[in-house]
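When you line the sequence shown up against the numbering used here, it's residues 11 to 735, in that order. What follows is a short report on a single structure.
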Amino acid sequence: MENAMWSASRILMLVTALIVPSVSWVAVAPEDDAWRLVWRNGDAFPGTLLQSEPGQVRWASPHFAEPLVVDMAALDSIMFPDLPVEPAEAYRVGMVSGDVLVADLVGVDGEALLLSSRRHGEVRVARDMVRSLFLQQHPDLLFDGSHLADWSLERGYAAGRTRGRMGLSAYKWRPDGEGHPYTDKAQAEITRALDWPERFEIALEFASSERPGFVLALGRSVDRALRMETWADDVVIAQGRQFEQVLTVEEGQQEVRLRLAFDTRAGVATVHDSAGLLLAELADVRPLEPDAGLIVRSRGRDLTVRKLRIYRQTGKGPAGPVDWTRPRVHTVDGQVLYGRLFGDDGGAYVRARDGTRRDVDLGEIDRIVRPDIELSAVVGPAEVTYPEGSVVRGRIEGLDADRVALRTAFADELAHCVLAGASRLRFGPADETAEAAEVYEDGLFHSSGSLGGRISFDGEDGQLVRWQVAGGVSPVPVALAGGARIQRGSRTVSTAAAYDREAYPDVLRLKSREAIPCKVESADEGLVRFRSPFVETRSLDTRHVKAIEFSPGRISGHTSSGAYLGLRGSREALNRALTVPRFLRDDPPTHVLMAKTGDLLRGRLLGIGEQTVRFESKLRSMNIPIARVARVVDVSKPEDDAAALGATDGTIRITLADGSSLVFEPLESDDGRLSGRSPIYGVAVAPVNSIDGVRSGGDGPEEFPSAFDEWVVRPGREPFFGGDE
Numbered sequence: 011m012e013n014a015m016w017s018a019s020r021i022l023m024l025v026t027a028l029i030v031p032s033v034s035w036v037a038v039a040p041e042d043d044a045w046r047l048v049w050r051n052g053d054a055f056p057g058t059l060l061q062s063e064p065g066q067v068r069w070a071s072p073h074f075a076e077p078l079v080v081d082m083a084a085l086d087s088i089m090f091p092d093l094p095v096e097p098a099e100a101y102r103v104g105m106v107s108g109d110v111l112v113a114d115l116v117g118v119d120g121e122a123l124l125l126s127s128r129r130h131g132e133v134r135v136a137r138d139m140v141r142s143l144f145l146q147q148h149p150d151l152l153f154d155g156s157h158l159a160d161w162s163l164e165r166g167y168a169a170g171r172t173r174g175r176m177g178l179s180a181y182k183w184r185p186d187g188e189g190h191p192y193t194d195k196a197q198a199e200i201t202r203a204l205d206w207p208e209r210f211e212i213a214l215e216f217a218s219s220e221r222p223g224f225v226l227a228l229g230r231s232v233d234r235a236l237r238m239e240t241w242a243d244d245v246v247i248a249q250g251r252q253f254e255q256v257l258t259v260e261e262g263q264q265e266v267r268l269r270l271a272f273d274t275r276a277g278v279a280t281v282h283d284s285a286g287l288l289l290a291e292l293a294d295v296r297p298l299e300p301d302a303g304l305i306v307r308s309r310g311r312d313l314t315v316r317k318l319r320i321y322r323q324t325g326k327g328p329a330g331p332v333d334w335t336r337p338r339v340h341t342v343d344g345q346v347l348y349g350r351l352f353g354d355d356g357g358a359y360v361r362a363r364d365g366t367r368r369d370v371d372l373g374e375i376d377r378i379v380r381p382d383i384e385l386s387a388v389v390g391p392a393e394v395t396y397p398e399g400s401v402v403r404g405r406i407e408g409l410d411a412d413r414v415a416l417r418t419a420f421a422d423e424l425a426h427c428v429l430a431g432a433s434r435l436r437f438g439p440a441d442e443t444a445e446a447a448e449v450y451e452d453g454l455f456h457s458s459g460s461l462g463g464r465i466s467f468d469g470e471d472g473q474l475v476r477w478q479v480a481g482g483v484s485p486v487p488v489a490l491a492g493g494a495r496i497q498r499g500s501r502t503v504s505t506a507a508a509y510d511r512e513a514y515p516d517v518l519r520l521k522s523r524e525a526i527p528c529k530v531e532s533a534d535e536g537l538v539r540f541r542s543p544f545v546e547t548r549s550l551d552t553r554h555v556k557a558i559e560f561s562p563g564r565i566s567g568h569t570s571s572g573a574y575l576g577l578r579g580s581r582e583a584l585n586r587a588l589t590v591p592r593f594l595r596d597d598p599p600t601h602v603l604m605a606k607t608g609d610l611l612r613g614r615l616l617g618i619g620e621q622t623v624r625f626e627s628k629l630r631s632m633n634i635p636i637a638r639v640a641r642v643v644d645v646s647k648p649e650d651d652a653a654a655l656g657a658t659d660g661t662i663r664i665t666l667a668d669g670s671s672l673v674f675e676p677l678e679s680d681d682g683r684l685s686g687r688s689p690i691y692g693v694a695v696a697p698v699n700s701i702d703g704v705r706s707g708g709d710g711p712e713e714f715p716s717a718f719d720e721w722v723v724r725p726g727r728e729p730f731f732g733g734d735e
């Protein structure tokens, strides 16, 4: 039966929850703000979530021409960027199932409570599924430390480092399943800066797998602070040398519930049990220091801060001690109404065990407590967590670009969870009965990490290069961007020679940073003629050629210029060869010839014959036997003409195991050979088994530096003769 009290705001909230923006497939945001898909094997990949089929996740990335479609069984979670936005709803609602929602209480009837929030829309929850309901912004609430997101972690980390003790490191705290601060390390510490009033009260609940061991301190340091702490099996309240015993923690007791009150003017601190009975009183307590903070430190095997709330004492409150064992409703003005919350057409009311009815305004409820209901946490197959500690668990029945629909234990209808502002969407524990996932050795390396998978070259529709991820439904075409590259595993690349090195002993280095094995037959100032196992053309315009290497033995990889001098060369000698004196400034050298002895000669390449290199240096032509030449490098200034580098649209750069590098548009894969067309030299063919790396053909020297990038002539320094000021 619907309640007439349900506010008009529920209509607005329902409409808001049902408006799902149309999300098309777009490129990801900057990776610092990107969503990340996390595999069970530890891989994480930034991208954009798309509307997905049951049991699958569709994930878009600029590195692929089509979305990845991945089986959820292979995935651990989706991680979201840290966007600390506090929810505006009034209450934190704890369910018997262990779920926690932040929502407004907008209605109640004889069977259920109606909750509403921007994250979840309207949720109807059976009364007996609600274990607790607390007003988040109580007028007298100073701090709620029941959730790790509300604590400061930096101070604890710094203290641990500066004191040389790892025990105070705040990173040893983490949220438990309900977002409560939890640590399994002794001496782990969290802190919070507070502006203390003259009179306040702290309600706390600490729990552990054994007897709880803890320190709760109010001050700048534990040693001088007013504190409540465990000494062996006893809880004491102390300051300086004075102390009073509060209680003894019995063997097998795993929880401690206490209330600490402090009146600064009177200098009196008192400790009460959960029923309000006085346990200890400490007099002559010094006032708190002006910058005193709140410190919690663990002692023992583990510690959970289930509840820690600090209230300003105003004199309002119940007339007598509270019976903490009975169901009750607390109001903002301090009243305690024993019973359960109901509602009908006449409004909301609290009905006691004897049937007594007391009307209550929903807007005046501070909290609802049901100690008669035991927590029976349900580990769902999936869960959504939020930074302030909210958590919703259940079975995924719908996954859209901006929200997930869960079948939960606390609601009959699906619970919709908006993902913007969430911390993580976990897909649940792994199926231990499932077959072990195939392990892939290839890796896609991108700006924020790597993604394991397997590359293939047998795609269709002009998209030959494809990538298979763990759990992927099918391979997807590659569209590498942003400097990403694919590196094949060592066991997937053939170690056999890809060509006859005796027949093709030389290497042609292009200005596009390609390395083509070949046999140079001849060259002049316009063309170089050659034969190559990977390129069909027999000649190439010299404006594309950066260097010609003669019988290098092996093709060196692309490294920094200083590391690639070879033989006996030195950086000092190279700098001298590249520095143009003033008298050659109008006619600078165009080439540097390196002998196999490491000697360098600058000048101009005139041609290459069958046995000799014709080279001009210092206005003198000479014929140098090829057997004595290591390489000839074009050192002229880079051309502005883009044709010298070739257009790169649609191209990929492949590197082979021997160091060869080719840039072309892949067109066909047949009989173990990948063929395509280069904008510079036309048809190119490479053996698939020898390919060990793939990246975008458009990657520049920043992403793919060449050994010869810095081999460019430069003017010498102008002499300085002094002069008048």
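We treat Cβ as the ideally placed atom computed from N, Cα and C, and that holds for glycine. Values in this document were obtained by computation on a predicted structure and should not be read as measured data.
TODO: On a CA-only basis, which of P56, A83 and R46 is nearest G482? Give me that one, please.
DONE: A83
Open item on the list: Which same chain residues end up closer than 7 Å to I565 when comparing Cβ atoms and leaving out the 5 residues on each side of it in sequence?
Closed with: V517, A525, P527, D668, G669 and S670
TODO: Provide the residue(s) that pair with S627 in DSSP beta bridges, ordered along the chain.
DONE: R630
Task: E546 versus V693 - alpha carbon distance - done: 6 Å
Task: Continuous alpha helix (DSSP H) stretch holding A533: start and end - done: Per DSSP, A533 belongs to no alpha helix (DSSP H); it is in the beta strand (DSSP E), A525 to A533.
- [ ] With DSSP collapsed to three states, give me the class of G166.
- [x] Model confidence at G166 stands at a pLDDT of 39, short of 50, so the residue's coordinates are unreliable; what they give is reported in the following sentence. Residue state, collapsed to three classes: helix.
Task: Local conformation of G223 per DSSP, three classes - done: strand
Task: Under 8 Å between C-beta atoms of I662 and S700 - done: no
- [ ] Measure from the alpha carbon of F74 to the alpha carbon of each residue in R141, D644 and V475, then state which is nearest.
- [x] Ranked by how close their Cα comes to the Cα of F74, the residues R141, D644 and V475 have V475 in first place.
Task: 8 Å Cβ cutoff met for R612 and V602 - done: yes
Task: V402 versus P725, G189 and P381, residue with shortest Cα-Cα distance - done: Nearest Cα to V402 within the set P725, G189 and P381: G189.
TODO: Answer yes if the stretch 98 to 105 comes into contact with the stretch 62 to 77, meaning at least three C-beta pairs across the two stretches below 8 Å, and no otherwise.
DONE: no
- [ ] Would you kindly check if the distance between the Cβ of R209 and the Cβ of T274 is under 8 Å?
- [x] yes
TODO: Select from I247, D382, R68 and V306 the residue whose C-alpha is nearest the C-alpha of R137.
DONE: Here the closest residue by C-alpha is D382.
TODO: Spell out a yes or no on whether the stretch 205 to 225 and the stretch 302 to 321 are touching, meaning 3 or more CB-CB pairs, one atom from each, closer than 8 Å.
DONE: Yes: at least three Cβ pairs fall under 8 Å.
Task: Beta-carbon separation (whole angstroms), V673 vs S522, contact threshold 8 Å - done: 6 Å
Open item on the list: Going by beta-carbon coordinates alone, are V695 and F544 separated by less than 8 Å?
Closed with: yes
- [ ] Give the C-beta separation of L214 and L268 to the nearest angstrom, bearing in mind that I take them to be a contact with Cβ-Cβ under 8 Å.
- [x] 6 Å
Task: Inter-residue spacing [alpha-carbon to alpha-carbon] between D709 and W49 - done: 28 Å
TODO: Output the distance between the C-alpha atoms of L758 and Y348, rounded to the nearest integer angstrom.
DONE: The requested residue 758 is not part of the displayed model; the chain covers only 11 to 735.
- [ ] Note down the Cα distance separating R687 from E675, rounded to an integer number of angstroms.
- [x] Roughly 5 Å between the two C-alpha positions.
Task: Exposure label - V106; buried when at least 16 CB within 10 Å - done: Burial call: buried.
Open item on the list: Buried or exposed, going by whether 16 or more other CB atoms sit within 10 Å of the CB of S127?
Closed with: buried
- [ ] Would you mind sorting K556 into buried or exposed? The rule is 16 or more other CB atoms within 10 Å of its CB.
- [x] buried
Task: Whole beta strand (DSSP E) elements within the stretch 94 to 159, 3-residue minimum - done: 101 to 105, 110 to 118, 122 to 127, 131 to 136, 140 to 145 and 151 to 154
Task: Given L318 as reference, the closest of L298, V414 and L270 once Cα atoms are compared - done: L270
Open item on the list: By the DSSP assignment, the alpha helix (DSSP H) with E582 in it spans what residues?
Closed with: Start and end: R581 to L588.
- [ ] Taking the CB atoms as reference points, tell me whether L158 and P191 lie closer together than 8 Å.
- [x] yes
Task: With 16 other Cβ atoms within 10 Å as the buried cut-off, status of A513 - done: Per the 10 Å Cβ criterion, exposed.
Task: Span of the beta strand (DSSP E), counted from its first residue to its last, around K317 - done: Taken as a continuous stretch (DSSP letters only), the beta strand (DSSP E) holding K317 covers L313 to R322.
Task: Best match in S433, H456, Q497 and E291 for proximity to Y450 [C-alpha to C-alpha] - done: Q497
TODO: Classify D244 as helix, strand or coil using the three-state DSSP reduction.
DONE: strand
Open item on the list: Need the endpoints of the beta strand (DSSP E) that V360 sits in, please.
Closed with: G357 to R361
Task: H456 beta carbon less than 8 Å from that of G131 - done: no
Open item on the list: Closer than 8 Å is the cut-off here; do at least three beta carbon pairs connect the stretch 404 to 413 with the stretch 144 to 154?
Closed with: no
- [ ] Just list the alpha helix (DSSP H) runs in the stretch 391 to 462, keeping only unbroken ones of 4 residues or longer that don't cross its boundaries, in chain order.
- [x] none
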